[in-house]
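Position one of the sequence shown corresponds to residue 1429 (my numbering), numbered consecutively onward. Built from N, CA and C at the ideal position, the CB exists for glycine as well. Written below as structure tokens is the structure these notes are about.
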Amino acid sequence: MVTRIDNGSAGRANLSGSQDYILQVKGLVKYFPVRSGILQRVTAQVKAVDGVSFDVRRGETIGLVGESGCGKTTTGRTIMRLTDPTRGAIIFEGQDIAKLSAGQMKHTRKDMQIIFQDPYSSLDPRVPVGESIGEGLLIHGTPKSEREQIVSEMLKRVGLHPEHSRRYPHEFSGGQRQRIGIARALSMQPKLIVADEPVSALDVSIQSQVLNILKDLQRDFGLTYLFIAHNLSVVEHISDRVGVMYLGKMAELCDRNELFENPRHPYTQALLSAIPVPDPRIRRERIILKGDVPSPLNPPSGCRFHTRCWLAQQICTDEEPAWRDIGSENGSGNPHLVACHFAEQTKVKAGGTAMVARNFDPTAPAKESIEGPKS
Ligand code: SF4
């Protein structure tokens, strides 16, 4: 049975109660004004995030994926209130922080920390890393001796030595700098960490080390992660649930295994088809998307994906698809949320990691599978 979800209650259909959620994002909108002319009048709006809703349960990791420019980083930064939302609610621990002033955010920000993609640019090159790690503690009035103790402990937790606190950022490798970024976020003993492409700038061998550190810290400190990445393999490794964004909107959100084995949004299917298969006996049919991502200045009508979707029909141009729960097939009871008019008919046979999506007939009844993988 299909359950329709309005923008204000996404993800709650089959879950037990609001106390499970550390964060609820409801209809989040972030537009950036474009100014021109001598008077610098607003002549257009870049619709970076346009009505995104999801919930994050305490202790889980939600992965947010999508192409560059889809709005995932803006979503993370807006949740952190590094930029103010245009509209919508950001309910953290039961409080709508979208409405808080900068002064009121100071206390809440202690519980919400961010890890940036580029650890080098997020560390002051003139300041020893120990001071950078302890900066938040200093702002919140933690005494020096306690600060130094916490900094030493955090450095040890991320696999560095307490003596490293006196060194400068240029004395560390990229992986070590990202560990310092994690230690800095951790020093505030946060409840939620927004990790914005935390391993994208690192070598593959270092990526797994940093991901394992994040997992260990989550286990030991009960952390909740919003993990933003463009690499689906990384997201698969660390996430409990995964949300796929396209052009400022959420296209699909469900359990990790459900998403990788039963993707229903054509955009998700195209993204998954691009993941290399390590087994040479499995042949995956790559779905090549036509054209470029449209401009967020003037996004397409109806379904924003219709200009690139090989399944698009007239209704896709005319009507925006509802964000609705089509039910998970993995037996978890968790919602499988998707924004596609034909989500019931886009089922593909996953066959492990191989998948094929074609011969789609939108007028035909839903099929068990469209076509199995070739081996
Ligand atoms: Fe494609 Fe239409 Fe579904 Fe959008 S609503 S993803 S255009 S089939």
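Coarse secondary structure for Asn1435, derived from DSSP in three states: Low local confidence applies: a pLDDT of 39 at Asn1435 is under 50, so the model's placement there is unreliable, with the coordinate-based value given in what follows. Correct three-state label for Asn1435: coil.
For Leu1630, the three-state DSSP class (helix, strand or coil): Coil.
DSSP beta-bridge partners of Glu1680: Paired residues: Val1672, Val1766.
Nearest residue (CA-CA) to Leu1645, options Glu1488, Ser1464, Gln1452, Asp1483: The option with the nearest alpha carbon to Leu1645 is Glu1488.
Buried or exposed by the 16-neighbour rule on C-beta atoms within 10 Å, applied to Lys1500: Buried.
Rounded straight-line distance, which links the Cα of Thr1514 to that of Thr1471: Cα-Cα distance, rounded: 16 Å.
Distance between Pro1708 and Val1721 (C-alpha atoms, nearest Å): Taking the Cα positions, Val1721 is about 31 Å away from Pro1708.
At least three beta-carbon pairs within less than 8 Å, the segment 1516–1529 to the segment 1451–1462: Three or more beta-carbon pairs separated by less than 8 Å link the segment 1516–1529 to the segment 1451–1462, which places the two stretches in contact.
Rounded C-alpha distance that separates Asn1639 from Ser1661: In the sequence as presented, Asn is not what sits at residue 1639; that position holds Leu. Pairing Leu1639 with Ser1661, the inter-Cα distance amounts to about 12 Å.
Element boundaries [alpha helix (DSSP H), containing Thr1502]: DSSP places Thr1502 in the uninterrupted alpha helix (DSSP H) bounded by 1500–1507.
Pro1727 to Pro1749 span [Cα, whole Å]: If I take the Cα positions, the gap works out to 15 Å.
The segment 1613–1627 contacting the segment 1529–1543, beta-carbon criterion three pairs below 8 Å: Taking a cut-off of 8 Å for Cβ pairs, the segment 1613–1627 and the segment 1529–1543 touch, as three or more such pairs fall below it.
Heavy atom of the ligand SF4 within 8 Å of His1804 beta-carbon: Past the edges of the chain, shown from 1429 to 1803, lies residue 1804, and the structure says nothing about it.
Residues that Arg1732 bridges to, as DSSP identifies them: As computed with DSSP, Arg1732 is found in no beta bridge at all.
Rounded straight-line distance, which links the Cα of Leu1681 to that of Leu1687: Rounded to whole angstroms, Leu1687 to Leu1681 spans 8 Å at the Cα level.
Beta-carbon separation (whole angstroms), Ile1507 vs Thr1652, contact threshold 8 Å: Not a contact, Cβ separation roughly 12 Å.
beta-carbon Ile1715 near the ligand SF4 non-hydrogen atom, thresh 8 Å: Flag unset: Cβ of Ile1715 not near the ligand SF4.
Limits of the unbroken alpha helix (DSSP H) element including Thr1696: Run containing Thr1696: 1694–1701, per the alpha helix (DSSP H) assignment.
Rounded Cβ spacing between Val1672 and Gly1494 (contact assumed at less than 8 Å): A Cβ-Cβ separation of about 6 Å places Val1672 in contact with Gly1494 under the 8 Å criterion.
Backbone CA spacing between Thr1502 and Leu1551 [nearest angstrom]: If you draw a straight line from the Cα of Thr1502 to the Cα of Leu1551, it is about 21 Å long.
Met1616 - DSSP class collapsed to helix/strand/coil: In the structure shown, Met1616 sits in coil (DSSP, three-state: anything other than H, G, I, E or B).
Whole-number beta carbon distance between Ile1542 and Ala1613, since they are thought to touch under 8 Å: Right, the Cβ-Cβ distance comes to about 7 Å (below 8 Å), so this counts as a contact.
Host beta strand (DSSP E) of Leu1456 (start-end): Start and end: 1449–1464.
Bridge partner(s) assigned by DSSP for Ile1519: Among the bridge pairs identified by DSSP, Ile1519 is matched with Gln1452, Asp1524.
Close beta carbons around Arg1605, own chain, < 7 Å, minus the five adjacent residues each side: Excluding sequence neighbours, Arg1605 sits near Pro1547, Tyr1548, Leu1551, Pro1597.
Contact belief for Ile1578 with Leu1565 at Cβ below 8 Å, rounded distance in angstroms: Indeed they touch by this definition, with Cβ atoms about 6 Å apart.
Phe1770 CB to nearest heavy atom of the ligand SF4 below 8 Å: Because some heavy atom of the ligand SF4 lies under 8 Å away, the Cβ of Phe1770 counts as near it: yes.
Identity of the residue in Ser1529, Val1462, Ser1481 nearest Val1766 by Cα: Nearest C-alpha to Val1766: Ser1481.
Whole-angstrom C-beta distance between Glu1757 and Asn1690, which should lie under 8 Å: Indeed, because the Cβ distance is near 5 Å, the residues count as touching under 8 Å.
Option in Ile1710, Ile1743, Arg1509, Ile1610 with minimal Cα separation from Gln1545: For Gln1545, the nearest C-alpha among the options comes from Ile1610.
Pick from Tyr1695, Leu1528, Phe1733 that is closest to Leu1510, judged by C-alpha positions: Among Tyr1695, Leu1528, Phe1733, the Cα nearest to that of Leu1510 is on Leu1528.
Assumed close pair Leu1675, Arg1595 - CB separation to whole angstroms, cut-off 8 Å: Not confirmed; about 43 Å, so no contact.
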